[in-house]
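S.K.: Residue 31 in numbering that gives the first Met the number 0 is what sits at position 32 of the sequence shown, and the numbering runs on without skipping anything.
Every residue gets a Cβ at the ideal spot worked out from N, C-alpha and C, and that includes glycine.
Pasting in a structure now, in structure tokens, and then I'll have a few things to ask.
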Amino acid sequence: MSNAVLTIRKVWSQVEEIRTVSLSEDDRGPLRKVAMCAVVNNPFAGRGYVEDLSSVVTASGDVAAYLGAEAARLLGEPVESYGKGGIAGTAGEQEHVNAALTSVFGDAFRNEIGGGDAWITSVTKVAAPGSSIDVPLAYKDDVWVRSHYDAFTVTIPDGPMPDELVIIAVVANRGRINARLGGMSLAEAREKATA
0 MSNAVLTIRK VWSQVEEIRT VSLSEDDRGP LRKVAMCAVV NNPFAGRGYV
50 EDLSSVVTAS GDVAAYLGAE AARLLGEPVE SYGKGGIAGT AGEQEHVNAA
100 LTSVFGDAFR NEIGGGDAWI TSVTKVAAPG SSIDVPLAYK DDVWVRSHYD
150 AFTVTIPDGP MPDELVIIAV VANRGRINAR LGGMSLAEAR EKATA
């Protein structure tokens, strides 16, 4: 997949399935997390300060739709939580990858996974190839559902190169196993959404 601004060099996925925590499981079954990552060119790398980053903002919608659809497919069941993240290569700046994760990205991502209009947790940084990043997760329809606060550590062995960005979409099928710290429950959030 490519467009006039962002060309995907590589797609990287990671899947994790957690079955028990402290040798205990709850009645919801395994926690499955999927990260879909697109390693793309950074059109602003090495150019110094560039005021207008809107070309990446606009182009990010296509990337988000692709990543969201693939993440949901790999998850293989309804998405309950999500997050987004990105890494800019060392010839770029953090703002370059932030441009790829604005509301244009968020709206396209939500459309693919069936999310409400809840804020999508996010994290970005500048790093060398092989660096890891912890992408935060929250419930897709209401950020206040505490049981779904989580993270997924993502590492791409050969990305981002200095002139690249890694754009990341993460989904999960449920909240943490044995979550028991109170706050708004999943049932309360679903009831609130239908009220």
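So for Phe43, helix, strand or coil by DSSP?
M.R.: The residue given as residue 43 occupies position 44 in the sequence shown. Note: Phe43 maps to coil in three-state DSSP.
S.K.: Can you tell me the Cα-Cα spacing of Met183 and Ala117, whole angstroms?
M.R.: Mapped onto the sequence shown, residue 183 falls at position 184. Mapped onto the sequence shown, residue 117 falls at position 118. So the two alpha carbons sit approximately 14 angstroms from each other.
S.K.: In three-state terms, what does DSSP make of Arg8?
M.R.: What you label residue 8 is simply residue 9 of the sequence shown in a count that begins at 1. Note: Arg8 maps to strand in three-state DSSP.
S.K.: With contact counted as at least three CB pairs below 8 angstroms, one residue from each stretch, are the region 26-42 and the region 167-174 in contact?
M.R.: yes
S.K.: Would you kindly check if the distance between the Cβ of Thr123 and the Cβ of Gly91 is under 8 angstroms?
M.R.: In the sequence shown, the residue the question calls residue 91 occupies position 92. In the sequence shown, the residue the question calls residue 123 occupies position 124. No, Cβ-Cβ distance for Gly91 and Thr123 is not below 8 angstroms.
S.K.: Grab me the residues of Trp143's own chain with a C-beta within less than 6 angstroms of its C-beta, minus the 5 sequence neighbours each way, in chain order.
M.R.: As a first step, residue 143 must be located in the sequence shown, where it is residue number 144. Contacts found: Met183.
S.K.: Once you ignore the five residues that flank Ser23 on each side, which residues in its own chain have a CB closer than 7 angstroms to its CB?
M.R.: For this step, residue 23 is matched to residue 24 along the sequence shown. Cβ neighbours of Ser23 beyond the five flanking positions: Asn177.
S.K.: Grab me the residues of Val103's own chain with a C-beta within less than 8 angstroms of its C-beta, minus the 5 sequence neighbours each way, in chain order.
M.R.: Counting from one through the sequence shown, the residue named residue 103 turns up at place 104. Cβ within range, chain order: Val56, Thr57, Ser59, Gly60, Ala63.
S.K.: Pull up the distance between the alpha-carbon of Tyr65 and that of Val96, whole angstroms please.
M.R.: Translated into the one-based positions of the sequence shown, residue 65 becomes position 66. Translated into the one-based positions of the sequence shown, residue 96 becomes position 97. The alpha-carbon atoms of Tyr65 and Val96 are separated by roughly 17 angstroms.
S.K.: Report the CB separation of Glu163 from Val39 in whole angstroms; it is logged as a contact under 8 angstroms.
M.R.: Here residue 163 refers to the residue found at position 164 when the sequence shown is read from its first residue. Here residue 39 refers to the residue found at position 40 when the sequence shown is read from its first residue. Yes, they are in contact, since the Cβ atoms of Glu163 and Val39 sit about 6 angstroms apart, within 8 angstroms.
S.K.: Using a Cβ-Cβ cutoff of less than 8 angstroms, which residues in the same chain neighbour Ala192 once the five nearest sequence positions on both sides are dropped?
M.R.: By one-based count along the sequence shown, residue 192 stands at place 193. Excluding residues within five positions, the ones whose Cβ falls inside 8 angstroms are Gly115, Asp140, Asp141.
S.K.: Under 8 angstroms, do Ala107 and Gly67 count as touching if we go by C-beta distance?
M.R.: Counting from 1 along the sequence shown, the entry for residue 107 is found at position 108. Counting from 1 along the sequence shown, the entry for residue 67 is found at position 68. Result yes, Cβ atoms of Ala107 and Gly67 sit closer than 8 angstroms.
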